[in-house]
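Enquirer:
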DNA sequence: CAGTATCCGCTCCGATACTG
DNA sequence: CAGTATCGGAGCGGATACTG
């Protein structure tokens, strides 16, 4: 689809809510962005997302796998190794999210300032 | 910032989580996208986001105003009219979110299929 | 190493009633 | 018309203990 479509022609905006509800949780995006570099194993991901609990990482990875955004590969070694990597769809989402990341970085200070002004005005 | 920066150079991904946590709720994006066309009044927005409750619309608008993404203008008429419109920052966010919207539409069916396959495989 | 299982607090959000 | 106030359920996410 063409991103340059005119504003008024944006189709079915309700679907956006679904996706944002899906990736808008606390951890999903961090994991996706992290896997963009290269496939990683469970505990490697855990180390690179320092605050995530084991349970939430499990849930997040499972949900991503269910949605076809990452694949889970088990190597029959001892100890067992499980590697997670982005699918093509997952990679395209990661790239898309980068636009939002850029926006976030660009407007971080602006939002902080706006909040401070708003709060003191009350 | 340059969106074409190399993957590994994406700065401070943790900030992305903040923003996604902020706009990743159930209503914020729908309101922003809606206001992209033109400024709207309270009940006009409510009508165009059919399922939103009055309280959630109030909260959503207030949070957006606090973040400097929309402005609230009261006209001293009877009955009172309150108009909400995007700020420049809000508009730029709306445009950025459109990329995600496009991704969502493009991959909607893929995700549905992935889930169906995953669920039946269990 | 890579998970499961259980408990539990907290916040999101809906429903409803009320107000200037 | 444009809100505010209050109650309550559901689910996200944290902490901890346990397992193949």
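Protein chains in written order, with UniProt numbering: chain A, 1 to 122; chain B, 1 to 122. Ideal placement from N, C-alpha and C gives every residue a C-beta, glycine not left out. None of the values given here were measured: they were computed from a predicted structure.
1) Please classify residue 92 of chain A: does DSSP put it in a helix, a strand, or coil?
2) Measure from the alpha carbon of residue 65 of chain B to the alpha carbon of each residue in B/35, B/49, B/101, B/75, then state which is nearest.
3) Taking only three categories from DSSP, how would you classify residue 111 of chain B?
4) Verify whether the separation of the beta carbon atoms of residue 100 of chain B and residue 102 of chain A is less than 8 Å.
5) So who's on the other strand from residue 81 of chain A, going by DSSP bridges?
6) Would a check of beta-carbon distances place residue 57 of chain B closer than 8 Å to chain A?
7) So which residues on chain B does residue 114 of chain A lean against when the C-beta distance must stay under 7 Å?
8) CB residue 90 of chain B to CB residue 114 of chain A, shorter than 8 Å?
9) Within 8 Å of any Cβ in chain B, is that where the Cβ of residue 44 of chain A sits?
10) Taking 8 Å as the threshold (C-beta atoms), are residue 88 of chain A and residue 75 of chain A in contact?
11) Are the stretch 34 to 48 of chain B and the stretch 42 to 51 of chain A touching by the rule of at least three beta carbon pairs closer than 8 Å?
12) Decide if residue 174 of chain B is buried, meaning its Cβ has at least 16 other Cβ atoms within 10 Å, or exposed.
Expert: According to the structure data:
1) Three-state DSSP puts residue 92 of chain A in a helix.
2) Checking every option, the nearest Cα to that of residue 65 of chain B belongs to B/35.
3) Helix, per DSSP.
4) It is not a contact, given that the beta carbons lie outside the stated cut-off.
5) Bridge partners of residue 81 of chain A according to DSSP: A/75.
6) No, residue 57 of chain B does not count as interfacial toward chain A.
7) The contacting residues are 66, 67, 68.
8) Not closer than 8 Å, so no.
9) Residue-level contact check: residue 44 of chain A does not touch chain B, since none of the beta carbons of chain B fall below 8 Å from its beta carbon.
10) Result no, Cβ atoms of residue 75 of chain A and residue 88 of chain A do not sit closer than 8 Å.
11) Between the stretch 34 to 48 of chain B and the stretch 42 to 51 of chain A there are fewer than three inter-stretch CB-CB distances shorter than 8 Å, so the stretches are not counted as touching.
12) With chain B represented from 1 up to 122, any question about residue 174 of chain B goes unanswered, as that position is not in the structure.
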